[in-house]
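Residue numbers (the working numbering): 12 to 414.
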C-alpha cells in the first residue's frame, strides 16, 4: 500500500512514506533515514537508536551461544515435543544416582522421562546426558571453586561421518544395496542386460562400554553442582570410550578394518598432498574438498614440520588443510609402529558409510562394598553400543611413514 503525506504536515510522529512506498515508523532507524531533510533531533535520535540496535545484536548473539532457546524461538512446535523438552530440562541425573544409592525410586520429571523411554529407575536416558551443560556461576560459595571438567578427546567418529542412532530393545539391522544397476545408452530395438540387485544386511548386537568412578559418602552431601558434574563426566567418559572403540577396535575400527595399507618411503610435502588427491574418486569425492583426513598426533606433528622449500611459509599441514575438507587429530589413533602410523581418509560423508547404534538407557551400578573401609562409593555406568563399516568405499585406510 502506498501512502502520500499531506502537504504542509511536518509532524514527526506522522508515519511517512518510504522510498519503496512501505509505511515505516518515523522514529525508527529506517523512518529517520527515509526523511529527505533531517533535523539535529533526528540525528541525535538516529545515533541513540543505532547504538541500542548494536547492543541488542550483541546481547542476542550472546543469548544464542549461552542457551539456544533464549531467543524465544521454539525449534520444535508440536505439543508432545515441547512437553518432552520440558521433561528433559527438569529431570536430573543426580536424582537417578541418588535413587540408585538409596535403593529408592526417582519421582517427578525424572521418573516421567524414564517412563517415556521405557527405562527402569537405575537407567539414565541418553537425552538427559546429551542436554546442554550450564556453566557454573562465577559467584559460587566461598569455599568451592567452579567445577573443572575432566579432559576427554572430542569425537573423531562424528567428524568422520559415523552415524550414531539411538535404538531400542533388540538387534539393529542395516541393509545396504551392494550391486547398483548399471545404466547405458543402447541402439533402437537393442536389448538391455538386466542387473540383479543384491543387498547385504549387517546385524549388530549390543556390546558393552563402561566407566567407573568413586567418591566419598561425605562428598555427596557437600558437593554443589553434582547433577551438572555427573552429566558432564558421564557424557565425556562414555563418549571417549565409544570413540576409542570406533577408531581403534582391532579388525573393526576405522584404523583397522579391511586390509592393512602399505607404507612407502618417508613422507614428504608432496606425498601428503598426493594422499588427498588420490582419494578423489569422482563417486564419493568430486574434488579435494570432499576428502577428510583423520591422523594421530605424531603424523600431525610430522606434517607441520615439512615445507615446500627452504623459503616457503606453508607446511604440508597448512597445504593439506587448505585443499581438503579438513585434518583432525585423534588421541585414539594407535601410536606408530616401526615409524608407521595409521590414518583414515573419509569421503562422501553425506552417505551412511558406518553406523554405531547406541541402545537407549545408561545403566548405573551401585557398589558400596568394594571401598567400604574408606567410606567410598563406586558407581559404574554401562552403555550398550556397536560399530560397523557398512560401505567400505567411504573410508580409505592409509599408513604414513614418519622416518
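Just so you know, even glycine gets a beta-carbon here, dropped at the ideal spot from N, CA and C.
What you are looking at is a predicted structure, and each value in this text was computed from that prediction instead of being measured.
Could you check if residue 346 is buried or exposed, using at least 16 other CB atoms within 10 Å of its CB as the buried criterion? exposed
Same chain only: Cβ atoms within 6 Å of residue 386, ignoring 5 sequence neighbours per side: 227 and 228
Within the same chain, show all residues whose beta-carbon is closer than 6 Å to that of residue 311, passing over the 5 residues directly before and after it, in chain order. 340
Euclidean distance between Cα positions of residue 102 and residue 122: 8 Å
Between residue 395 and residue 369, is the Cβ-Cβ spacing less than 9 Å? yes
Unbroken alpha helix (DSSP H) run spanning residue 371, endpoints: Not the alpha helix (DSSP H): residue 371 falls in the beta strand (DSSP E), residues 369-378.
Alpha carbon of residue 407 to alpha carbon of residue 251, nearest angstrom: 23 Å
Do three or more CB pairs link the region 361-381 to the region 172-180 at distances below 8 Å? yes
Taking the alpha carbon of residue 177 as the point to measure from, which residue in 90, 392, 118 and 373 has its own alpha carbon closest? 373
Are the CB atoms of residue 317 and residue 338 nearer to each other than 9 Å? no
May I have the straight-line CA-CA distance separating residue 183 from residue 216, to the nearest angstrom? 7 Å
Anticipated Cβ contact below 8 Å, residue 137 with residue 371, distance rounded: 5 Å
How far does the beta strand (DSSP E) with residue 123 in it reach, from first residue to last? From DSSP, residue 123 is part of no beta strand (DSSP E) but of the alpha helix (DSSP H) over 119-127.
For residue 297, does the count of other Cβ atoms within 10 angstroms reach 16, so buried, or fall short, so exposed? exposed
Where residue 134 falls, given that 16 or more other Cβ within 10 Å makes a residue buried: buried
Beta-carbon proximity check, residue 245 vs residue 220, cutoff 9 Å: no
To the nearest angstrom, how far is the alpha carbon of residue 104 from that of residue 118? 12 Å
In whole angstroms, what is the alpha-carbon distance linking residue 401 and residue 241? 34 Å
Looking only at DSSP bridge pairs, what is residue 138 linked to? Partner(s): none; residue 138 has no beta bridge.
Starting from residue 399, follow its DSSP beta bridges and name the residues at the other end. 366
Between which two residues does the beta strand (DSSP E) harbouring residue 410 extend? 406-412
Whether residue 168 touches residue 265 by CB criterion (9 Å): yes
Residues that residue 394 bridges to, as DSSP identifies them: 220
Out of 270, 331, 132 and 308, which one is the CA nearest neighbour of residue 301? 331
Residue 319 versus residue 291 - alpha carbon distance: 22 Å
Under the three-state reduction of DSSP, which class applies to residue 177: helix, strand or coil? strand
Among the candidates 333, 277 and 218, whose CA atom is the shortest distance from the CA of residue 260? 218
Nearest candidate by alpha-carbon position, reference residue 129, set 111, 98 and 179: 179
Do residue 276 and residue 412 have their CB atoms nearer than 9 Å? yes
So the beta strand (DSSP E) residue 302 belongs to, where does it begin and stop? 302-306
Residue 130 - DSSP class collapsed to helix/strand/coil: coil
Reference residue 287; option with closest CA among 267, 356, 308 and 268: 356
Out of 366, 353, 213 and 91, point me to the one whose CA is closest to residue 274's CA. 353
The beta strand (DSSP E) with residue 339 in it runs from where to where? 338-340
Classify residue 107 as buried or exposed, calling it buried when 16 or more other Cβ atoms lie within 10 Å of its own Cβ. buried
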